[in-house]
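Have a look at the structure below, then the notes.
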Amino acid sequence: MASRARVRAPELIGKGGWLNTGNKDLTLSDLRGRIVVLDFWTFCCVNCLHVLDELRELEERHRDTVVIIGVHSPKFVHEAEHRAVVDAVERYGVEHPVLDDPELATWKQYAVRAWPTLVVIDPEGYVVAQHAGEGHAHAIAGLIEELEAEHAAKGTLRRGDGPYVPPEPVATDLRFPGKAVRLPGGSFLVSDTTRHQLVELAADGEQVLRRIGTGERGFTPDSFNEPQGLALLPDNRVAVADTVNHAIRIFDPGTGALETVAGTGKQWWQGSPTSGPAREIDLSSPWDIAWWQDRLWIAMAGVHQLWTYDPATGTVEVAAGTTNEGLVDGPAAEAWFAQPSGLAAADGRLWVADSETSAVRWVEPAEESDGYVVRTAVGTGLFDFGHRDGAADQALLQHPLGVTALPDGSVAIADTYNHALRRYDPASDEVTTLATDLREPSAAVLVDDDIVVVESARHRLTRLRLPEEAIRVESVAHRTQRAATEVAPGALRLDVVFQAPAGQKLDTRYGPSTRLLVSATPPELLAEGAGAGTDLARDLVLADGVTEGVLHVSAMAASCDDAPDIEYPACHVHQQDWGVPVEVVEGGVGRLGLVLAGLDAE
Numbered sequence: 009m010a011s012r013a014r015v016r017a018p019e020l021i022g023k024g025g026w027l028n029t030g031n032k033d034l035t036l037s038d039l040r041g042r043i044v045v046l047d048f049w050t051f052c053c054v055n056c057l058h059v060l061d062e063l064r065e066l067e068e069r070h071r072d073t074v075v076i077i078g079v080h081s082p083k084f085v086h087e088a089e090h091r092a093v094v095d096a097v098e099r100y101g102v103e104h105p106v107l108d109d110p111e112l113a114t115w116k117q118y119a120v121r122a123w124p125t126l127v128v129i130d131p132e133g134y135v136v137a138q139h140a141g142e143g144h145a146h147a148i149a150g151l152i153e154e155l156e157a158e159h160a161a162k163g164t165l166r167r168g169d170g171p172y173v174p175p176e177p178v179a180t181d182l183r184f185p186g187k188a189v190r191l192p193g194g195s196f197l198v199s200d201t202t203r204h205q206l207v208e209l210a211a212d213g214e215q216v217l218r219r220i221g222t223g224e225r226g227f228t229p230d231s232f233n234e235p236q237g238l239a240l241l242p243d244n245r246v247a248v249a250d251t252v253n254h255a256i257r258i259f260d261p262g263t264g265a266l267e268t269v270a271g272t273g274k275q276w277w278q279g280s281p282t283s284g285p286a287r288e289i290d291l292s293s294p295w296d297i298a299w300w301q302d303r304l305w306i307a308m309a310g311v312h313q314l315w316t317y318d319p320a321t322g323t324v325e326v327a328a329g330t331t332n333e334g335l336v337d338g339p340a341a342e343a344w345f346a347q348p349s350g351l352a353a354a355d356g357r358l359w360v361a362d363s364e365t366s367a368v369r370w371v372e373p374a375e376e377s378d379g380y381v382v383r384t385a386v387g388t389g390l391f392d393f394g395h396r397d398g399a400a401d402q403a404l405l406q407h408p409l410g411v412t413a414l415p416d417g418s419v420a421i422a423d424t425y426n427h428a429l430r431r432y433d434p435a436s437d438e439v440t441t442l443a444t445d446l447r448e449p450s451a452a453v454l455v456d457d458d459i460v461v462v463e464s465a466r467h468r469l470t471r472l473r474l475p476e477e478a479i480r481v482e483s484v485a486h487r488t489q490r491a492a493t494e495v496a497p498g499a500l501r502l503d504v505v506f507q508a509p510a511g512q513k514l515d516t517r518y519g520p521s522t523r524l525l526v527s528a529t530p531p532e533l534l535a536e537g538a539g540a541g542t543d544l545a546r547d548l549v550l551a552d553g554v555t556e557g558v559l560h561v562s563a564m565a566a567s568c569d570d571a572p573d574i575e576y577p578a579c580h581v582h583q584q585d586w587g588v589p590v591e592v593v594e595g596g597v598g599r600l601g602l603v604l605a606g607l608d609a610e
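Quick look at the structure:
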């Protein structure tokens, strides 16, 4: 076994305390003898949710030797609330201990730079690997097997039950519902996300008429996996965004039949096809859907894009977005999104809740071509958020998940992390607040003069009268609190560290196996070095006169089995996006090292 650097793992500390441990505080000494995998995550981050799903099989297979610890490290202010973390742990089915670290204390001790990041600690308490982004479960599984063998031989491996203690179940008709749609008969169909079902409620929004789905995770003719978005189709069937199954299903309320029309059940990765027969193309965490322009539009949160499904041809294709995460308007093929999570069709516009940029945007047909153009109504980027009404260019939201088109041409916004219902009026170009004291509203349905809100964290539908006047609230503005990296003026060396897992090598059969994309906010921060390339190292030059900003770095590497006797080697894609705040100061560092997989030796 290759020798590794011996770096003692820092202690696990977090002001919010521990979840899923039966009220016991854990220390690394309690875990000595076990292989520990730290998962630095935050519940707004769809990539973090992907990693939770990647870890489930590994967690079950190595339950007697491995302890996974979720270290919740918030981006948004709402995510620093302990109650919200408790909800998220249940909402996403996290079945391992979680440390609530609202002040990012452990994040800083481990020098983490990105959500998600995985850190492996051996049974003697030393850090042996770090992985940023998705697609690393296979590499970690291989490393775990090596560590099991090594420490079993040394006598330093301790087997047995882990410290996980499940919480007591709570009886409610809905559990963290995601979206809702009104059926022609007046009842509501709700995605009961945490229970992996659809639930039909009577017109009062309370009485349960029936449940659809087994209630267990699955991709079978009668099961779902964390379903979210719902859309009523012209034939009165309902399209379902089966989010963690990476699929689009069609439910017929009349017959009860459930059909898969798009997706394979596998997650889309960079380099996979982006158009073709819908049942043959992988999707990535479809979060919401809407019928517009004679096809089904899909908010593909997992890859920061909008796709479409055309039932006439049975095909899917990318409609907008590049897979880069951010807020960039313009022609659809060049626009950037950040976890689009809510859609609402109006006559000439498709409204989009772009959650990670705390923005509301829209898509409309381009005047000069046959394509589409993307524009922003509210929001400025990945790091600014809050609760501020007024002129749209000054207004602030916090991680909205839903939008609802209103009859007067305005749009209601499920401003999820502000626990509010907001409204954007294109006529006045202003944002107002319609209701507060909701609990993580994630969607809303218009019913005559009322609006029915999905209060996800209160596990219910709430009917509100649409107010004639907006509610006045005290303005609050926030910026994501991550310490900026102090960098020296001029030249800056960017190194993305990637070490192929044991038994694998970079896959160069079809050309370069790595990709690096670099940009900046503001763009003027970079005098040289922006753009795409195949080398994971790059020399950047910071422009004179720009003292701060954010470097956006996207890296991908593909590795395959290296053994010559394997006829069909398994290949894996590793990828991550970083947004690194930087401050340009004399005496700052001249090198920025970002770990995709492995350990940074410098």
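Quick note: to get the working numbering, add 8 to the position in the sequence shown (first position is 1).
Yeah, the Cβ is synthetic: ideal placement off N, Cα and C, and Gly gets one too.
Residue range of the unbroken alpha helix (DSSP H) whose run includes residue i
i	result
residue 57	54 to 69
residue 452	Run containing residue 452: none in the alpha helix (DSSP H); it sits in the beta strand (DSSP E), 449 to 455.
residue 117	113 to 117
residue 148	145 to 162
residue 90	90 to 99
One or two residues paired with residue i in a DSSP bridge
i	result
residue 16	134
residue 187	Note: residue 187 sits in no beta bridge, so no partner.
residue 469	462
residue 413	419
residue 424	DSSP, once it has assigned bridges, lists no residue as partnering residue 424.
residue 80	49, 108
residue 539	526
residue 291	275
residue 343	For residue 343, which the question treats as bridged, DSSP gives no partner whatsoever.
residue 139	126, 605
residue 395	484
Residue i versus residue j - alpha carbon distance
i	j	result
residue 108	residue 406	20 Å
residue 334	residue 388	9 Å
residue 588	residue 243	47 Å
residue 431	residue 227	37 Å
residue 83	residue 363	12 Å
residue 610	residue 505	10 Å
residue 465	residue 154	42 Å
residue 323	residue 221	26 Å
residue 493	residue 395	28 Å
residue 579	residue 156	24 Å
residue 340	residue 315	11 Å
residue 377	residue 342	14 Å
residue 386	residue 309	19 Å
residue 546	residue 600	10 Å
residue 215	residue 344	41 Å
residue 451	residue 352	10 Å
residue 513	residue 568	6 Å
residue 9	residue 137	In this prediction, residue 9 has a pLDDT of 40, which is less than 50 and means its spatial position is unreliable; nothing more can be read from the coordinates.
residue 604	residue 70	24 Å
residue 112	residue 178	30 Å
residue 530	residue 555	11 Å
residue 518	residue 88	In this predicted model, residue 518 has a pLDDT of only 49, less than 50, meaning its place in the structure is not dependable enough to derive any value.
residue 11	residue 570	Low per-residue confidence applies at residue 11: pLDDT is 47, beneath 50, and the placement is therefore not dependable enough to give any value.
residue 120	residue 160	30 Å
residue 486	residue 390	11 Å
Proximity winner among the options, relative to residue i (alpha-carbon distances)
i	options	result
residue 439	422, 465, 403	403
residue 500	521, 552, 508	552
residue 194	604, 211, 444	211
residue 467	532, 191, 390, 185	185
residue 165	598, 124, 132, 260	132
residue 409	163, 103, 307, 509	307
residue 484	542, 398, 510, 471	398
residue 383	348, 349, 337, 425	337
N- and C-terminal bounds of the beta strand (DSSP E) containing residue i
i	result
residue 560	556 to 569
residue 219	216 to 220
residue 274	No beta strand (DSSP E) contains residue 274, which DSSP labels as neither H nor E.
residue 496	Looking at the DSSP string, residue 496 is not in any beta strand (DSSP E), and its letter there is neither H nor E.
residue 2	Outside the shown range of the chain, which is 9 to 610, sits residue 2, and nothing can be said about it.
residue 380	380 to 386
residue 23	Careful: residue 23 lies outside any beta strand (DSSP E) and carries neither H nor E.
Given 8 Å, three or more beta-carbon pairs between the region 78 to 93 and the region 15 to 29: yes
Closer than 8 Å is the cut-off here; do at least three beta carbon pairs connect the region 366 to 378 with the region 36 to 55? no
Does the count of Cβ pairs from the region 202 to 214 and the region 225 to 240 closer than 8 Å reach three? yes
Should the region 164 to 177 be regarded as contacting the region 410 to 417, the criterion being three or more beta carbon pairs within less than 8 Å? no
Is the region 553 to 561 in contact with the region 456 to 464, if contact means three or more CB pairs nearer than 8 Å? no
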